[in-house]
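Chemist:
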Amino acid sequence: MDGKKLYHGAAYYPELWDEKVIEEDIRYMKEAGINVIRIGEFAWAKMESIQDQINIDFFVQVIKRFHDEGIETIMCTPTPTPPIWISHDHPERMYVDSEGNTMSHGARQHICTNHPFFRERSLMIVEAIAKAVGKLPGVIGWQIDNEFKCHVSECMCQTCKELWHLWLKEKYKTIDQLNEAWGTEIWSEAYLEFEQVPQPVKTPFLHNASLITAYRQFSREKIVEFLESQVNIIREYSKAPITHNTGRSFDLDNELLFANLDFASFDAYPDSSQYTALLLQYDLFRTMKKGKPFWVMETSTSHNGYLAGHQKNHPTGFLEAEAVSGYAQGAQGFSYWLWRQQRTGCELSHGAVLSAWGKPTVGFKRVMDVSAAIKKMEPMMEETIPLQAEVAITFSDRARSFFLTEPLEGLNYNSLLQNWYDTVLDTGIHRDLIMEGGDLKGYKLLMTPYVPYLSDALRKKGEEFAKQGGIWIVGPMTGYRTEEHTVHRNAALGDLEKTAGVESLYWYPISQTNSVGKAFGTQAPLGHWATVFDPETSNATVIGTVRGGESDGSAFITEKVIGNGKIIMIGAEPIGDKGKLMLSRLIHHYAAETGVQVKTITSNGTIVIPRIAKDGRYRLECAVNMDGKGGVVTVQQIGKDALTGKTILPGQLSLEPYEYRFIKYDI
Amino acid sequence: MDGKKLYHGAAYYPELWDEKVIEEDIRYMKEAGINVIRIGEFAWAKMESIQDQINIDFFVQVIKRFHDEGIETIMCTPTPTPPIWISHDHPERMYVDSEGNTMSHGARQHICTNHPFFRERSLMIVEAIAKAVGKLPGVIGWQIDNEFKCHVSECMCQTCKELWHLWLKEKYKTIDQLNEAWGTEIWSEAYLEFEQVPQPVKTPFLHNASLITAYRQFSREKIVEFLESQVNIIREYSKAPITHNTGRSFDLDNELLFANLDFASFDAYPDSSQYTALLLQYDLFRTMKKGKPFWVMETSTSHNGYLAGHQKNHPTGFLEAEAVSGYAQGAQGFSYWLWRQQRTGCELSHGAVLSAWGKPTVGFKRVMDVSAAIKKMEPMMEETIPLQAEVAITFSDRARSFFLTEPLEGLNYNSLLQNWYDTVLDTGIHRDLIMEGGDLKGYKLLMTPYVPYLSDALRKKGEEFAKQGGIWIVGPMTGYRTEEHTVHRNAALGDLEKTAGVESLYWYPISQTNSVGKAFGTQAPLGHWATVFDPETSNATVIGTVRGGESDGSAFITEKVIGNGKIIMIGAEPIGDKGKLMLSRLIHHYAAETGVQVKTITSNGTIVIPRIAKDGRYRLECAVNMDGKGGVVTVQQIGKDALTGKTILPGQLSLEPYEYRFIKYDI
Amino acid sequence: MDGKKLYHGAAYYPELWDEKVIEEDIRYMKEAGINVIRIGEFAWAKMESIQDQINIDFFVQVIKRFHDEGIETIMCTPTPTPPIWISHDHPERMYVDSEGNTMSHGARQHICTNHPFFRERSLMIVEAIAKAVGKLPGVIGWQIDNEFKCHVSECMCQTCKELWHLWLKEKYKTIDQLNEAWGTEIWSEAYLEFEQVPQPVKTPFLHNASLITAYRQFSREKIVEFLESQVNIIREYSKAPITHNTGRSFDLDNELLFANLDFASFDAYPDSSQYTALLLQYDLFRTMKKGKPFWVMETSTSHNGYLAGHQKNHPTGFLEAEAVSGYAQGAQGFSYWLWRQQRTGCELSHGAVLSAWGKPTVGFKRVMDVSAAIKKMEPMMEETIPLQAEVAITFSDRARSFFLTEPLEGLNYNSLLQNWYDTVLDTGIHRDLIMEGGDLKGYKLLMTPYVPYLSDALRKKGEEFAKQGGIWIVGPMTGYRTEEHTVHRNAALGDLEKTAGVESLYWYPISQTNSVGKAFGTQAPLGHWATVFDPETSNATVIGTVRGGESDGSAFITEKVIGNGKIIMIGAEPIGDKGKLMLSRLIHHYAAETGVQVKTITSNGTIVIPRIAKDGRYRLECAVNMDGKGGVVTVQQIGKDALTGKTILPGQLSLEPYEYRFIKYDI
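Residue numbers (the UniProt record's numbering), protein chains in the order written: chain A, 1 to 667; chain B, 1 to 667; chain C, 1 to 667.
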């Protein structure tokens, strides 16, 4: 992978097309400025149509040919779609859903990825591929499988049942310790042997929260085990970096998943109204493998679609804004799904670059626009790197898992976090999302909202961060569950209370109780579930007070000085427009207090992405209108348009819908 | 059970907590005024963790210890949660739903309560418990199992299939009689042997109504058989009275269920907006075991909750109003679910008195308020008893069963009856709900709405009631089905037509036909399904006439003098606000005509509960504002505030939100 | 079947009632003017209650007796409801749904109609019936089974699996050809043997569109095979014509189904607001067996109903308008479901002529109204025949099947076509719906909307139609899929593009893109999925142009002269009220251009049905108000009221709600 290059790619399925079409495709790719293809992910049957008759030649030839034409390859392992000889007449190898349905061949992800025969055959085909193409110069990277768990969740098959019991044995050693950890005295659940512990299949009501969450964790660890078994083999034969194209809504633990991968990549299918979801992902995956650029591995040229639904078509300009903001935010690759519209299958209506009959699609011109933009921005991207943010927001797939088990009032981690992110985005403060285990170096402000189980490690890291002068904002809805998805024994928030200097009064549903929060000169209704604090006994300054409802007079925001910094607790979330205003003031307040510099003033819907020259001599800002309504950026010092060279004076800089500008500022 | 005492209780699970916690709990219970605990209902695994190793000692000690502290015990049988050694590896013992899903261990009610092994083990554990604690002075009562059928409905397992066939054989003697009763000539359903009769599992369309309703009845009888098998054993070892904590929405026949129980109890989880549903239950369970006080066995201190949902938190005052109105209406016990928040399991978010970490919850102060109220009202409750109502409304779980089989247009018995009840409640007339077999002594007015199958027994009882001078209001939607859930052969309403002196023209959906009813000087749209009467041929006076639609000119309300009383037929329901007005006038009219005295004038949302001194010297009225908006009671004679002794003059008496007053009137 | 007679009938189940009831029924039928009954369709258990003991005598006697009373019989085969001895203990013979649920006895259509044992027994009972009643003079027609696939869809049982493999083998010969046809290289679906091809049962995502659509076709062909096996036997014993009572929403291919039947019939249960759905069916089934009158085999006297739901009751006049318009549109029979309300089963609440207790229902008077109308119109119907329409709209169950597989944005063929039909109806132009294979003789304008797969045969027929002087309007949403439910390889619309002289630019979702179409002096938003055309390269005149959105400037309506006629392409559908106006103008425009004469001017909701004297000497128009609001017809020449003989002058003729008039015009 050429570190200086911006990659502009597309998923490609040469196994579906004949020679003439491939020729045509190469011609159009060059016209469209596509310099990398992603191949192989569903091609197992092409490679091994009959068991043990493995032949990778076709792909070797494709890679060489495209390389000769200046088009590189990301090689994928084809494990999401095992051939019929693996699945036929073997129901015991198939994925079983929580309703007890055994999956059929005919789509993808229908196999249980834990079944030993499947595992064995997977590694065989992966090794054959790695051997055949691992050292080809065209192969610039690898992708393991494709979108793990995008269609399925936790498997309930017999194989998984046995592995579940082994996993539990490994984790709890004795059944008594499991019983103790899960509190299985409740409802006479207590187990005498590990073999008796059920998978979370149908019961008359709900399983024990500990069991459900543990099964999620088991499933998330197993898929990483499968991924890493492939990674290990590939590394024997290839030096090219390895990734997986993940997604935010799949049932995965991304922190674990990427631990042994070389670079981050993800698939994103925002429609034009969902641009902040896209920006959240840029801010998240930029930090996943610190210092290494990420890839947008799949996105649509115009709309996604399948037999039963689709998105609305992108308006002109959106795709370009998506790509430009991506590269500016730290992407090295931006790749479409897909190059040529599927002619058969179940995604006939998905947007593409070329139609199945070989003509440009409605998105083709937009791809050309992206190519033109790349050409302009590539030198700038080479000279600069993204500026590290001073503000970090914790991202936790484990938290998401807890909310899946216990949504309480239909709460969804992704939505909650998105709302929080949007509030931060609108402050104009540059931000990163970082994993629970992420490095805090360089940050001044850390926010950790919506993490029901706050690990000791994270708590201590946050505390240390504050001691060193940072400000750690904890909550809302953080810390009220233990690792085992149970309630703390010592306090509503367990040890966090001591750390943050609070004493909780109640944990309860504050929504619909006419409770109002007052803080930062504003007031707003409080929502969701709250932990309210005793202003008398808490060892922290009350910043926000509850008025009305059942906990009138209690504190919902507190501040505790600790070392050179502070810990801020938000026990209840101010909601609605007024809640957003209050949170916005809170963020501005603490950002100012801790000396956050990297922020800009824009109208909502327009963003500014800060980068810095590798040699440190100038800042480069990329201003992009993302909402398609046009916008305004307040330029605060004299700059220079990096493309035209024209001077830009301080003041209001207008942007047309989806327009972007690169501005250089001397340092 | 001390007849003079008001019990204030909480469900308690000592098996989940250690010694230190139990000590703490006792201390807090005393502070909160809790004088009874309910234990054991989910503790089978604690008592018999390994098959045949039964040990009840822990509970014996708990009962003794709490008794020593002045806290009595309701002992429960633990049959809702069989231990793992009963369920593991025995799918044939598990509950099977109507979709064919076999339940898993891990929640509750996952077993088939008809399976012989489960039945045998249940009786063994019940006998062991009864033997061990049956004569302890602390045990003041028993509860069989817990909320039968709260999570499950009719079981479709193989055991049930065989019992179903036996049940059918018992009921119909020969298969020909079953075929005749169900009219199985239809759709070639006819059976040659009982063994061929299916359970109501998946078919392409719907099963025969007779079969579906019969299966419901089979299931309802079987669970009572199970309950009674436990009752019989306990009676051998204990003199304490026995109950079951039932609920209105469970798939049960409460009349049958309580036939051999000693006192009534139920679980009620109204949020503050659902107070009339609560009042309906007070009016129903007061009469279930006539002359014996009932218990509110479970209610929430603040809100209910489980992993995936919850209610809104009670506003201050609601819990107290709930308790005060309950005791005044005839409750002897008022008990929370639960004492200490669950630390594990799936109900972590349910309201409690104490939190899992041992601190008062948001509901604690409200429980203290209830304790204070009890202290004030207890002497009054001792001196007085609830005044028998003069107006009765038939309650029928069998009717509910018919509506479950045949909702027609999404009709739900509980909602229909609630609306009817609310109309009666708003008239200010004191009322009882009585079971189909309930005693009519002392009533002047009987209403029997929404009973599709009107049994001969009930019909004759109503007729006799009218002959003796009562007024019996029949309908709407009463009498149009036979016992076998078929259509009558002789008339739309079968023999009821002769009894009530009506001749039906049509039974049909009158809703959306622009049909309007006129009666009592009002007019209102007619809704649901109607039986309209021929004004020419009917042997009754027309009181209400249909205008417009497809049965213009027919009668929908008739009146027939019979002996010293009357039978009123309501063939079609007037709906909407105008319909409520018409029904209200109808009720006032016939209540006046039959000399109903016990009624009061209040603003809506405020009620008056009449009681009478045991020695007959005074009346005691308890006025309570239930809707939290405050209200007004029109006092009609000089009374005395029973708590302050102050005179209360006739006129408007205002109540604050959730305020209550006890007023004595000399007789 | 007496060609001169209008039949007025009812479904009748004598097997459910005793002798006395049957006598009563005959008396009432005569009173109500019922002259034909439809019997036997669910009576297999009456005929063969025990295997091999077949006895048809009861039905022979019924047919004779009713014939003696002047009431004829349509005899049905009882195969929708096999007796218990076929289904009991034989799960392998039962229908299995796509979720894997095996159906139970107790309703109907619970058997797999492809199971060999069922097939064998079906043919035996059918032969016995045909032998017994085939030559009775009372039998004027036959109905095979009843509403095939009204409750079920494609069966997934083991028998079907094996037949599916045989069907595929027959169709594709080699597995390679199947793989090629379906493009199974995708997602490694490729099959090595036919036996490996799954049924479209549960997968993690979606099956290949080709497979799903093929399975639908397999299922549709199989049920026709079953039907024809019955037809063949009956023809050996009876000369009476044979039909099946089909419905528009059942999973059938009606064109295939009726190919070897003698006359068309269908079941229609419109409520009074759904009258255009009824009219569509009249216009469709009139042409199904050209020149032969159709039957409305089932309709409700007042409302349909079953345990869980029902329609609103008809207002007075609707039933008469339904019947009169039906006969005028070419019905020979109009028959109710059902004569006597079911006393048992699951359709107790369905409207009928007589109640279960033997009294007239709310619909009885309306049936009498129909009888009176028949008496008046019968001589006119005898002297005249329906006038052939000049405008035809293609109807395609295969198209419906494609939309079921690929709804794209929740698109439903029946709704789409209904909207199109309603637009045509409101133009006042007389129209036929014709099957894909229908004869185009006599038509001047042909419209083919919503046919995703346009067969070569239909394309060539349309082209030839145009060459001969007709105008063929193609689309919207026509032609974008191949026979195998794949995307064309050569162009968005395959060979149609050459035929119609267009070159497609894109096929894409134009809805929500702010694209507006301009044509015929109007403009309207464009919706659904569009194929837009290149105005430069297309070999056709641009009639409508896209403005705005992502394909600004492209064409969406084109016109190509071909021979003496034209082909009009509609690539994108104008939607909303403005879209309806545009389409209305388009239709008027081309109807005028091609010389369409048969049209009338009415207010919406009122229709005029044209007929012509057999001797050609006069036209007869039947004007009916269908919407119950009354309406106006603009009479354009002097006519004569055919019932009163009074002269009708040109000008506005008013009709009361549901009123109808027959007007004669000399030619």
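Don't be surprised by glycine CBs; every beta carbon is placed ideally from N, CA and C.
Starting from the C-beta of A/Phe556, find all residues in its chain whose C-beta is less than 6 Å away, skip the five residues before and the five after it, and write them out in chain order.
Modeler: Counting from one through the first sequence, the residue named residue 556 of chain A turns up at place 556. Within the same chain, A/Phe556 has close Cβ partners Gly517, Val532, Gly544, Val546, Gly571, Ala572.
Chemist: Below 8 Å on C-beta distance, what does B/Cys346 contact in chain D?
Modeler: Absent from the structure is chain D; the protein chains it does hold are A, B and C.
Chemist: With a Cβ-Cβ cutoff of 7 Å, do A/Trp420 and A/Pro449 count as a contact?
Modeler: In the first sequence, residue 420 of chain A corresponds to position 420, counting from 1. In the first sequence, residue 449 of chain A corresponds to position 449, counting from 1. Yes, Cβ-Cβ distance for A/Trp420 and A/Pro449 is below 7 Å.
Chemist: Is any beta-carbon of chain C found at less than 7 Å from that of A/Gly247?
Modeler: Start at 1 with the first residue of the first sequence, and residue 247 of chain A comes out as number 247. Not one chain C Cβ lies under 7 Å of A/Gly247.
Chemist: Have a look at C/Ile84 and C/Met377 and give me their C-alpha separation to the nearest angstrom.
Modeler: Residue 84 of chain C sits at position 84 when you count from the first residue of the third sequence. Residue 377 of chain C sits at position 377 when you count from the first residue of the third sequence. Going by the C-alpha atoms only, they are around 46 Å apart.
Chemist: Got a sec, what are the start and stop residues for the beta strand (DSSP E) C/Ile609 sits in?
Modeler: Looking up residue 609 of chain C in the third sequence gives position 609. Note, C/Ile609: beta strand (DSSP E), 606-613.
Chemist: Does the beta-carbon of B/Val324 have 16 or more other beta-carbons within 10 angstroms, so that it is buried, or is it exposed?
Modeler: Position 324 of the second sequence, counted from the start, is the residue given in the question as residue 324 of chain B. That one is buried.
Chemist: I want to see whether chain C comes within less than 7 Å of A/Gln109, judged by CB atoms only; does it?
Modeler: If you number the first sequence from 1, residue 109 of chain A lands on position 109. Yes, because at least one Cβ of chain C sits closer than 7 Å to the Cβ of A/Gln109.
Chemist: Could you give the uninterrupted runs of the alpha helix (DSSP H) lying entirely in the stretch 251-284 of chain C, keeping only those of 4 residues or more?
Modeler: Runs found: 254-257.
Chemist: Counting C-beta neighbours from all protein chains within 10 Å, is the total for B/Pro574 16 or more, i.e. buried, or is it exposed?
Modeler: Sequence index remark: in the second sequence, residue 574 of chain B carries index 574 (1-based). With 16 or more other Cβ atoms within 10 Å, it is buried.
Chemist: Give every residue of the same chain whose Cβ lies closer than 8 Å to the Cβ of A/Trp343, excluding the five residues on either side of it in the sequence, and list them in chain order.
Modeler: Taking the first residue of the first sequence as 1, we reach residue 343 of chain A at position 343. Here the sequence assigns Arg to residue 343 of chain A, which means Trp is not the residue at that position. Leu16, Ala356.
Chemist: What residues from chain C crowd round A/His105, counting only those whose CB sits closer than 8 Å?
Modeler: Your numbering for residue 105 of chain A matches position 105 in the first sequence. Going along chain C in sequence order, the residues near A/His105 (Cβ under 8 Å) are Glu189, Gln196, Pro198, Thr203.
Chemist: Please report how far the alpha carbon of A/Glu193 lies from the alpha carbon of B/His88, in whole angstroms.
Modeler: As a working note, residue 193 of chain A is residue 193 in the first sequence. As a working note, residue 88 of chain B is residue 88 in the second sequence. Cα-Cα distance, rounded: 10 Å.
Chemist: Quick one: which chain B residues come within Cβ less than 9 Å of A/Leu454?
Modeler: For the purposes of this step, residue 454 of chain A is taken as residue 454 along the first sequence, with counting starting at 1. Here the premise fails: no neighbours, minimum Cβ distance about 16 Å.
Chemist: So within the stretch 168-231 of chain B, which uninterrupted alpha helix (DSSP H) runs reach at least 4 residues, ignoring any that extend past its ends?
Modeler: With a minimum length of 4 residues, the continuous alpha helix (DSSP H) runs that stay inside the stretch 168-231 of chain B are 175-182.
Chemist: Taking the Cβ atom as the reference point for each residue, do A/Ser349 and C/Leu408 lie within a distance shorter than 7 Å?
Modeler: Position 349 of the first sequence, counted from the start, is the residue given in the question as residue 349 of chain A. Position 408 of the third sequence, counted from the start, is the residue given in the question as residue 408 of chain C. Closer than 7 Å, so yes.
Chemist: Between C/Tyr618 and the rest of its own chain, which residues show a CB-CB distance below 7 Å, the 5 nearest in sequence each way excluded?
Modeler: Here residue 618 of chain C corresponds to residue number 618 of the third sequence, with the count starting at 1. Lys664, Tyr665, Asp666, Ile667.
Chemist: Using the Cα positions of B/Gln158 and B/Gly494, report the straight-line distance between them to the nearest angstrom.
Modeler: Mapped onto the second sequence, residue 158 of chain B falls at position 158. Mapped onto the second sequence, residue 494 of chain B falls at position 494. Each residue's alpha carbon lies about 37 Å from the other.
Chemist: Just how far apart, CA to CA, sit C/Leu404 and B/Arg220?
Modeler: If you number the third sequence from 1, residue 404 of chain C lands on position 404. If you number the second sequence from 1, residue 220 of chain B lands on position 220. Approximately 42 Å between the Cα atoms of the pair.
Chemist: Take every Cβ of the stretch 52-65 of chain B, pair it with every Cβ of the stretch 132-144 of chain B, and state whether three or more of those distances are shorter than 8 Å.
Modeler: Yes, the stretch 52-65 of chain B is in contact with the stretch 132-144 of chain B.
Chemist: Can you check DSSP and say which residues form a bridge with C/Tyr508?
Modeler: What you label residue 508 of chain C is simply residue 508 of the third sequence in a count that begins at 1. Answer by DSSP bridge pairing, in chain order: C/Ala530.
Chemist: Looking only at its own chain, which residues have a Cβ that is under 7 Å from the Cβ of A/Glu497, when we skip the five neighbours before and after it?
Modeler: Position 497 of the first sequence, counted from the start, is the residue given in the question as residue 497 of chain A. The answer, listed in chain order, is Ala491, Glu503, Ser504.
Chemist: So, does the stretch 233-249 of chain B touch the stretch 383-390 of chain B, judging by three or more C-beta pairs under 8 Å?
Modeler: As far as the Cβ criterion goes, the stretch 233-249 of chain B does not touch the stretch 383-390 of chain B, which means the pair count is below three.
Chemist: Any contact of the stretch 98-113 of chain B with the stretch 199-217 of chain A, i.e. 3+ C-beta pairs under 8 Å?
Modeler: Enough Cβ pairs lie closer than 8 Å, so yes.
Chemist: With DSSP collapsed to three states, give me the class of A/Pro449.
Modeler: Stepping through the first sequence from its first residue, residue 449 of chain A is reached at position 449. Three-state DSSP puts A/Pro449 in coil, outside helix and strand.
Chemist: Do B/Ala500 and B/Met569 come within 7 Å of each other at the CB atom, strictly closer than that value?
Modeler: Here residue 569 of chain B refers to the residue found at position 569 when the second sequence is read from its first residue. Here residue 500 of chain B refers to the residue found at position 500 when the second sequence is read from its first residue. Their beta carbons are under 7 Å apart, which means B/Met569 touches B/Ala500 by this criterion.
Chemist: Can you pull the chain C neighbours of A/Glu15, defined as C-beta to C-beta under 8 Å?
Modeler: For this step, residue 15 of chain A is matched to residue 15 along the first sequence. The contacting residues are Glu185.
Chemist: Looking at A/Phe263 and A/Lys289, is the spacing between their C-beta atoms short of 7 Å?
Modeler: Numbered from its first residue, the first sequence carries residue 289 of chain A at position 289. Numbered from its first residue, the first sequence carries residue 263 of chain A at position 263. Yes, the pair counts as a contact, with Cβ atoms nearer than the cut-off.
Chemist: How many angstroms separate the CA atom of C/Leu643 from the CA atom of C/Arg661?
Modeler: The residue given as residue 643 of chain C occupies position 643 in the third sequence. The residue given as residue 661 of chain C occupies position 661 in the third sequence. Each residue's Cα considered, the two are about 8 Å apart.
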